[in-house]
Each structure stands twice: as C-alpha cells, then as structure tokens.
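Step one of this worksheet: look at the structure below.
Protein chains in written order, with my numbering: chain A, 22 to 266; chain B, 303 to 529; chain C, -3 to 52.
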C-alpha cells in the first residue's frame, strides 16, 4: 500500500486534519502543565542553596530549550518549503515564528527574574541569557521581514532563506558569546549547579512536554488561519461550514 | 560579453561600480563623516577621562563601523534594481554568484576601506597606543568585508521594500555579532598585553567562510526578490 | 503549610510569581490573539464570497 505522502500537503486536507488534531495537543498541554506545576511546587523539596527561588527553573529551562528547538524546526520547515516548493511547509514556518519568539521572551523574562535573587542584578550578561537575547532578535528579524513583503510567495521564500542563514549562524553566535563571556566574567554558576533532586527533574520534563504540546496546538491553529487568509478566494474555503451561507 | 572569462567579468563589474560610486562621491563621504561623528560623540557623552576612553575605544570604533556599513547597504543593489540592469545581470553566462561577489567587493572598496583608513586617526582621539591601532586596522580589514557580505544577503532579501533600510539592519546586525566580538576582543587583547592572534585568526576564519557562502546565498536571495 | 506561607515562597514571592504570572499572561494573550486572527480570517473569506457572488 503506497503511502501517499503528499495527501496532507494540500492545504485543504491539512486544514481539516489540523482542526481535528488541535484538541489532542491542547488538552494534554493543560493537564501536563497542572501536573508539572504541582510536582514543581509541592513535591520538589526546598533547595539547599537557593531555597525557593530555584523553582523558576521549571518554566525558564523548558522555555529556553523550546525557543532554540522551535527555531531549528522553523528553519527545517522553511528549507522544505524552499526546496520542494510546498507552500504548506512555508506556512508552518510562518506559524511557528511567533511562538518561538514568545518562548524566547519567556526564557529571558524568567531568566532575569531568577538572576535577581541569585546574582543580585536584574540583567546578567551571562552567556546563555545573551545568546537567548540574540535568538529573540533573529526571530523578530524573520517576523518583520515576512511582514514587510506583500506577495506571500516571496515572503515565504525570503523568510526561508533568512531562517536557514540564521540557523547556520546560531552555533557561531553561541560560540562567540561563550568566548566573549569567559573573556569578561568567568563562568557563572551553572543553571543546575546543585545535583537535581528526582522530583525537580520530573517537574522540568513535565513542564517541557506541556509547553511543547501547547506550542504545537498554537502553531496548528495559527497555520489554519494562515491557510484561510491565503486561500480565501478558493472554492473549498467558500464551502466550509464554519464560513456559513 | 559572453566570451569574457570569470576574472574579466569581476574586473569589469568592480571597475563599473567603483566608477559609478566615484561619480557620486558625496555618498562615500557621508558614510565616512557619519563614522567619524559617531566615534566623536562618545567622549562627549561619557566624559574625557583618558583611561576610561582607552578602555572603550575598540568597542566604540567597531560599533561605529558596524552602523556605518549598515547605512550604505541599501545602495548596493537598489540602483541596478531600479533601472533594470540587475535583471540583465541575472542572464550573464558566467556564474551569477561571482558577479554578486564582485558587486560586494566594489561595495566594500567604497564603504569598508575608507573606514579602515580613517580608524587609526580616530583611535588617537581615544589615546590608543600604536600597537593596538595596528591591531585595530588589521581586525577592521578582516571584519568589514564580512559586514559587506552578510549585509549583501540582507540587502538582497529586502530589495525594493519600503522601509528596507532599517529592516536590513534588523536582519543583519544579529548575524554580525561574532565579527563584533572577535574584532573588539582582538584589540582589547593587545591593550591588555595578551596575544591578539587567536581573535584575528577566528575573524579570518569567518571571513573565509563568508567569501565561500555569502555570494551564493545573496545570489539566491536576489533571485527570490526578483521573481 | 498554610496558603499564606505558600504564596510568600520564603520571601521570593515577587520573583517566582512575577515570572510565572507574566508567562501565564503572555500565553493567554497569544491564545486570544490566535483565536481573533482565526475569526478575522473567516470574515475575510465571507467578504471574498460576497464579492464573488455579486460579480457572477
């Protein structure tokens, strides 16, 4: 039985599929978040060194990992869209960008609020936080480039090229920031300095999956809106029940 | 034009662009004046305490060089794009990436080299010792072409967009951060007496990497923008 | 452990609830914005349908 890979690459069939999938990601995201927070705040013990402040780690670390992960996934979709000319992959990249930027912002915000009790200042030029800030700039560059091009096809392809160039540069940027950081300010305390109690790890993994499910749900619903916006004149959209008579 | 070798084409394009730029010398001068002005603003803003200025000098000169090269990126392709020569250039039998590389080289000659020449004089304003001025020049010589090359990709992507000038900087500045870091740490290394060689070597590595990839990427970007 | 002790978080309340609170607000805003965008997209489709209906 030959699997027709491209059955769901047509926007119309993917629109329906995504619609069915969203609840399957949204509900687990909600449940996992509650579970993760419960473990994080009630099960995980007070930390010897930082007492309660370390609990910010349960949102900070997942958001940082996700912000980097989403950028790579976005660059992957962008490359697919550029190589195979499948418009849907480019739409997915466009749909993922705001969520990635949001994760980067959450990571920066929680990192700064965690830096205050731990290192005494709101913003610390720590290598990881600085690289996260640059990653946020890369996201904003991608989003504003796509926003300033009217023709969707050119916007997709230009954004794709920028995402690919960006993803090639990210390791170089991370290396140069590490180099710059050790130059000026020695390695600061590692984020997970103390040995991680099992409950802490469980909380962090749960929160990671929760955020991951959430991002998938949000990206799927955003891509549905993008499909509608781009195919608003086509026949299958007009016949959608949601549109009505 | 088709019987020409690759290097004939490169010479032709660089000669043409330099001649065009020289005709409107004001543009080249405005970038230079902009560079000098920014560097001279800092002592006014920060106070004229010498050892503070000496410590800040590499960072100030490099940031000013970055901003000045951003300023001139808009003009790299727009003139040819508006009067249609860029479309003709797309059809050239030789490799289009080489043509883009020569346009980048011409742009660097007109915007990067003047900065490198004038930087030592500005360095004196910050009372920088002679050997750190030398390292500054070498670092800028290695770094400014990379700014032009990465900038070329940004300029090609934002071809013909209104508000393209600011957008290019937003796209390109994050990608230039490694050049900024290695450039400034090379100069501050020499002032602290340590060996600047590793930083310059890394700058050289980035330069070589960009020479290989950025013309092709910029050519793809131009094709995307010109469809 | 009483609720007030819990929320005090041994003095780190501002930082912990500051980060979780803002993250929650930002996520909520994103959900609202995405739903609004869906509604606007559907409106665009309806307008396109009307325009087309008048032409034929």
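C-beta: ideal position from N, C-alpha, C; glycine also.
Residue 26/C belongs to the set of residues whose beta carbon lies under 8 Å from a beta carbon in chain A. Residues of chain B with a Cβ closer than 7 Å to the Cβ of residue 170/A are, in chain order, 463.
A distance of 8 Å or more separates the beta carbons of residue 468/B and residue 404/B. Sixteen is the threshold: when 16 or more other Cβ atoms of the shown chains lie within 10 Å of the Cβ of residue 190/A, as they do, the residue is buried. With a threshold of 8 Å between beta carbons, residue 479/B makes contact with chain A.
Residues of chain C whose Cβ lies closer than 7 Å to the Cβ of residue 244/A do not exist; the shortest such Cβ separation is about 10 Å. Between residue 81/A and residue 142/A, the gap from beta carbon to beta carbon reaches 8 Å or more.
The beta carbon of residue 397/B sits closer than 8 Å to the beta carbons of 308 from its chain, once the five residues preceding and following it are set aside; these are given in chain order.
Partner residues in the beta bridge of residue 68/A, as assigned by DSSP, are 72/A. With respect to chain A, the C-beta atom of residue 12/C has a partner C-beta closer than 8 Å.
Listed in chain order, the non-local C-beta contacts of residue 247/A below 7 Å within the same chain comprise 112, 115 and 116, local neighbours out to five positions each way being set aside. Neighbourhood of residue 233/A in chain B, by CB distance below 9 Å: empty, with the nearest CB roughly 25 Å away. When C-beta distances to chain A are compared with 9 Å, every residue of the stretch 396 to 420 of chain B stays at or above that value. When only Cα atoms are considered, residue 357/B and residue 236/A end up about 45 Å apart.
When the five nearest sequence neighbours on each side are left out, the beta carbons in the same chain lying within less than 7 Å of the beta carbon of residue 440/B are those of 502, in order along the chain.
Between residue 137/A and residue 6/C, the alpha-carbon positions lie close to 15 Å from each other. Between the alpha carbons of residue 473/B and residue 454/B lies a gap of roughly 11 Å. Within the same chain, and ignoring the five residues on either side of residue 9/C in sequence, the residues whose Cβ sits closer than 8 Å to its Cβ are 3.
One Cα belongs to residue 416/B, the other to residue 315/B, and the distance between them is close to 20 Å. When rounded, the separation of the alpha-carbon atoms in residue 466/B and residue 243/A is 27 Å.
Residue 160/A is a Cβ neighbour of residue 118/A, given a cutoff of 8 Å. Residues 337, 340 and 341 of the same chain have their beta carbon placed closer than 7 Å to that of residue 366/B, with the five preceding and five following residues left out of the count.
The C-alpha of residue 44/C is placed about 34 Å away from the C-alpha of residue 234/A. In its chain, beyond the 5 residues on either side, 124, 127, 128, 131 and 232 have a beta carbon closer than 7 Å to the beta carbon of residue 84/A. In this structure, residue 457/B and residue 375/B form a Cβ contact; the two beta carbons are roughly 5 Å apart against a cut-off of 8 Å.
The three-state secondary structure of residue 428/B, taken from DSSP, is coil.
Assigned with DSSP and collapsed to three states, residue 461/B falls in coil, not helix or strand.
In the structure shown, the three-state DSSP call for residue 130/A is helix.
Apart from the 5 residues on each side of it in sequence, residue 151/A sits with its Cβ closer than 6 Å to the Cβ of 198 in its chain, given in chain order. Residue state for residue 253/A is assigned as coil, using DSSP reduced to three classes.
Interface residue (Cβ-Cβ distance to chain A less than 8 Å): residue 423/B is not classified as such. Under the three-state reduction of DSSP output, residue 353/B falls in the helix class. Residues of chain C with a Cβ closer than 7 Å to the Cβ of residue 73/A are, in chain order, 5, 6, 8 and 12. In terms of beta-carbon proximity, residue 126/A stays away from the interface with chain B, with every pair separated by 8 Å or more. Secondary structure note for residue 338/B: its alpha helix (DSSP H) is the uninterrupted segment 327 to 348. For residue 26/C, the enclosing alpha helix (DSSP H) has its first and last residue at 9 to 51.
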